[in-house]
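*Asks:* These protein sequence lines are chains Y and P, in that order. Numbering (full-length UniProt numbering) for the first sequence: 1 to 156. Numbering (full-length UniProt numbering) for the second sequence: 1 to 156. A virtual CB, placed ideally from N, CA and C, is assigned to each residue, including glycine. Sharing a structure, written as structure tokens. Questions coming.
Number of protein chains: 2
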Amino acid sequence: MQPIWMYYTTVNEKSQSSSREESLRSIQRELTAFARRARSRAAELHPELSLVAFSMLDLMTERGGCRGADLAAYFMLDKSTVSRQVGALEKLGYLVRETDPEDHRGQILRPSPTGLEAMRVAYERRRAAFFDRLADWDDADIAQFAAYLERYNSAF
Amino acid sequence: MQPIWMYYTTVNEKSQSSSREESLRSIQRELTAFARRARSRAAELHPELSLVAFSMLDLMTERGGCRGADLAAYFMLDKSTVSRQVGALEKLGYLVRETDPEDHRGQILRPSPTGLEAMRVAYERRRAAFFDRLADWDDADIAQFAAYLERYNSAF
DNA sequence: GGAACCAAGTTGGTAAATGCAACTATCAGG
DNA sequence: CCTGATAGTTGCATTTACCAACTTGGTTCC
Numbered sequence: 001m002q003p004i005w006m007y008y009t010t011v012n013e014k015s016q017s018s019s020r021e022e023s024l025r026s027i028q029r030e031l032t033a034f035a036r037r038a039r040s041r042a043a044e045l046h047p048e049l050s051l052v053a054f055s056m057l058d059l060m061t062e063r064g065g066c067r068g069a070d071l072a073a074y075f076m077l078d079k080s081t082v083s084r085q086v087g088a089l090e091k092l093g094y095l096v097r098e099t100d101p102e103d104h105r106g107q108i109l110r111p112s113p114t115g116l117e118a119m120r121v122a123y124e125r126r127r128a129a130f131f132d133r134l135a136d137w138d139d140a141d142i143a144q145f146a147a148y149l150e151r152y153n154s155a156f
Numbered sequence: 001m002q003p004i005w006m007y008y009t010t011v012n013e014k015s016q017s018s019s020r021e022e023s024l025r026s027i028q029r030e031l032t033a034f035a036r037r038a039r040s041r042a043a044e045l046h047p048e049l050s051l052v053a054f055s056m057l058d059l060m061t062e063r064g065g066c067r068g069a070d071l072a073a074y075f076m077l078d079k080s081t082v083s084r085q086v087g088a089l090e091k092l093g094y095l096v097r098e099t100d101p102e103d104h105r106g107q108i109l110r111p112s113p114t115g116l117e118a119m120r121v122a123y124e125r126r127r128a129a130f131f132d133r134l135a136d137w138d139d140a141d142i143a144q145f146a147a148y149l150e151r152y153n154s155a156f
């Protein structure tokens, strides 16, 4: 049986099948497959903290505080969407804002102790469903996989 | 300074490998970022065919026709959501429905020639975006990255 | 200094995607 | 026949997103 991609690939392109070509196709397919299920998996894992909200808190933590514009750029979201997500997180007491002393247009966003605790809970609940899938990977493979994903995403 | 992940990890877990923990968290965050960008990029590249709709047509193609219930199970979506997506695709002329002769409750869904062509176009445009992004990667890294993604997704 | 312009964030309006619940139609067992 | 399960549709509410207009603060250039 022919590979799936051939069903909708023109004849001329079929001659170009190098291993690089096939790997690229595979990356696209696998990344797309991930995207398909990301939403529902996230909803299962931490209903009280949406995937986007969790990731925003995570980035703030990682960077030791960041601005709304940073979140918008990183996740490719409109600044208005970020503004509302941040507002919701603040209302929940999960983050605190502070006007950037260096630039009064912006705010520095940081998770609050409550937010860190909520992240910790979400993190624990993810373990079973997400981390267990990587349980049989060795440390070097996990590190390399993470490095590839970072490299891929850093191209933005 | 302690690693970031320790801020919301309990004391007992700190005995585990911190580099492994950090890599796992990085994978989560990068995959999340990817999922967000995939939607936005797909919407840019082919407004007529959302990522979910494209993937549904793709699954129908791969399976040589499938039912709405299959789509719901595969993508972890509610059947009402599938029903509306399928309705929209039919209205666009991208798929045809046929009552299952074996079970008159269900329908067999197949992409139409128009749908296949739309998929081919969307596929090519998205593939081009991937090619640009990975242009400066060498073949070995691309192959390894693809292998990791396949391994990760194969757990489904 | 001031004008013109750019950047960060907020808010109003709107559209799309989704889940839940209620409903119809169909099937399978007893 | 009933009963219960399954496939699909539709009404309703919610979430999430984008765009555009606006406010405020910074930057450049004269």
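Given this structure, state the Cα-to-Cα distance separating Y:Asp139 from P:Tyr152, to the nearest angstrom.
*Replies:* Computed Cα separation, rounded: 14 Å.
*Asks:* Mind checking who P:Leu95 pairs with in its DSSP beta bridge?
*Replies:* DSSP lists P:Pro111 as partners of P:Leu95.
*Asks:* Can Y:Leu95 and Y:Ser80 be called in contact, C-beta distance under 8 Å?
*Replies:* Not in contact: Y:Leu95 and Y:Ser80 (Cβ atoms no closer than 8 Å).
*Asks:* Could you compute how far the alpha carbon of P:Ala147 sits from the alpha carbon of Y:Gln107?
*Replies:* Cα-Cα distance, rounded: 41 Å.
*Asks:* Please list the partners that P:Glu30 has in chain Y, where partner means a Cβ-to-Cβ separation under 8 Å.
*Replies:* Ordered by position in chain Y, the residues that pass the 8 Å Cβ test against P:Glu30 are Ala146, Leu149, Glu150, Tyr152, Asn153.
*Asks:* Cβ atoms of Y:Gly115 and Y:Leu57: under 8 Å apart, would you say?
*Replies:* In this structure, Y:Gly115 lies closer than 8 Å to Y:Leu57 by Cβ.
*Asks:* Count the CB pairs spanning the stretch 24-31 of chain P and the stretch 57-66 of chain P that are closer than 8 Å, and state whether there are at least three.
*Replies:* In short, these stretches do not touch, since the Cβ pair count stays below three.
*Asks:* Looking only at C-alpha atoms, which of P:Tyr123, P:Arg105, P:Asp78, P:Glu48 sits nearest to P:Lys91?
*Replies:* Of P:Tyr123, P:Arg105, P:Asp78, P:Glu48, the residue nearest in Cα terms is P:Glu48.
*Asks:* Determine, for Y:Gln2, whether the minimum Cβ-Cβ distance to residues of chain P falls below 8 Å.
*Replies:* Below a pLDDT of 50, predicted positions are generally treated as unreliable, and Y:Gln2, at 49, falls in that range; the measurement from the model is reported next regardless. So no, Y:Gln2 is outside the interface.
*Asks:* With 16 as the cutoff for other CB atoms within 10 Å, does Y:Gly87 come out buried or exposed?
*Replies:* Under this definition Y:Gly87 is an exposed residue.
*Asks:* Can you tell which of Y:His46, Y:Arg133, Y:Val52 has its C-alpha closest to the C-alpha of P:Ser154?
*Replies:* Taking only the C-alpha atoms, the option nearest P:Ser154 is Y:Arg133.
*Asks:* From what residue to what residue does the alpha helix (DSSP H) around P:Met60 run?
*Replies:* Element bounds for P:Met60: 51-63.
*Asks:* Where does the unbroken alpha helix (DSSP H) through Y:Gly68 begin, and where does it stop?
*Replies:* Its alpha helix (DSSP H) spans residues 68-75.
*Asks:* If the criterion is Cβ atoms closer than 8 Å, does the pair P:Arg36 and Y:Val121 meet it?
*Replies:* The answer is no: Cβ separation not under 8 Å.
*Asks:* Starting from the beta carbon of P:Met60, find every residue of chain Y whose beta carbon is closer than 7 Å, and list them in chain order.
*Replies:* Here the premise fails: no neighbours, minimum Cβ distance about 11 Å.
*Asks:* How is the alpha helix (DSSP H) around Y:Asp100 delimited, first residue to last?
*Replies:* Per DSSP, Y:Asp100 belongs to no alpha helix (DSSP H) and is neither H nor E.
*Asks:* Roughly how many whole angstroms lie between the Cα atoms of P:Ala38 and P:Gly68?
*Replies:* P:Ala38 and P:Gly68: Cα-Cα distance of roughly 24 Å.
*Asks:* Closer than 8 Å, CB to CB, is P:Asp139 near chain Y or not?
*Replies:* Yes, P:Asp139 counts as interfacial toward chain Y.
*Asks:* Which stretch, first to last residue, makes up the alpha helix (DSSP H) that contains P:Ala33?
*Replies:* Start and end: 18-45.
*Asks:* I'd like to know if P:Arg110 contacts chain Y, where contact means its C-beta is closer than 8 Å to some C-beta of that chain.
*Replies:* It does not; no Cβ of chain Y falls within 8 Å.
*Asks:* Would you kindly report the start and end of the unbroken alpha helix (DSSP H) that includes P:Trp149?
*Replies:* As written in the sequence, residue 149 of chain P is Leu, which differs from the Trp given in the question. Counting along the chain, the alpha helix (DSSP H) containing P:Leu149 begins and ends at 139-153.
*Asks:* Grouping DSSP H, G and I as helix and E and B as strand, with all else coil, what is Y:Gly87?
*Replies:* Here Y:Gly87 sits in helix by DSSP.
*Asks:* Please state the DSSP three-state secondary structure of residue 179 of chain P.
*Replies:* Examination of residue 179 of chain P is not possible in this model, given that chain P is present from 1 through 156 alone.
*Asks:* Check whether the Cβ atoms of P:Ala33 and Y:Phe75 sit closer than 8 Å, and answer yes or no.
*Replies:* Their beta carbons are under 8 Å apart, which means P:Ala33 touches Y:Phe75 by this criterion.
*Asks:* P:Ala43: which of P:Ala135, P:Ala129, P:Glu150, P:Ser18 sits nearest, CA to CA?
*Replies:* Out of P:Ala135, P:Ala129, P:Glu150, P:Ser18, P:Ala129 has the C-alpha closest to the C-alpha of P:Ala43.
*Asks:* To the nearest angstrom, report how far apart P:Asp71 and P:Glu124 are at their CA atoms.
*Replies:* Position check: residue 71 of chain P holds Leu in this sequence, whereas Asp was assumed. Taking the straight line from one Cα to the other gives about 23 Å.
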